[in-house]
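So, in structure tokens, the structure goes:
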């Protein structure tokens, strides 16, 4: 493919080269259970995976993948 433009290639293809376009995953402790979440915004995350050996944990609706978590600020 040939792209004829006066815009530098770095600006045209900048989204493909940035690290920020990759999702940010974190391991968090939620109600005593470990979950892997994807950071969506500074105060919201989405559950990606539950890490547990207890089968009952996988039946809990609050820990299902896709569930959105909202962080509330704490003041000390």
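Numbering (this note's numbering), first residue to last: 122 to 197.
Ideal Cβ positions, reconstructed from N, Cα and C, are used throughout, including at glycine.
A quick note: this is a predicted structure, and the numbers were derived from the prediction, not measured.
Inter-stretch contact (C-beta, 8 Å, three-pair minimum) for the stretch 164-175 and the stretch 183-193: yes
Let me confirm a value: residue 149 is counted as buried when at least 16 other C-beta atoms fall within 10 Å, else exposed. Which label applies? exposed
For residue 158, is the classification buried or exposed, using 16 other Cβ atoms within 10 angstroms of its Cβ as the cut-off for buried? buried
Residue 147 to residue 156, Cα distance in whole Å? 8 Å
For the beta strand (DSSP E) that residue 133 lies in, which residues bound it at each end? It is not in any beta strand (DSSP E) - residue 133 instead sits in the alpha helix (DSSP H) that spans 130-133.
Ignore the nearest five residues each way along the sequence and tell me which others in residue 133's own chain have a CB closer than 8 Å to its CB. 124, 126
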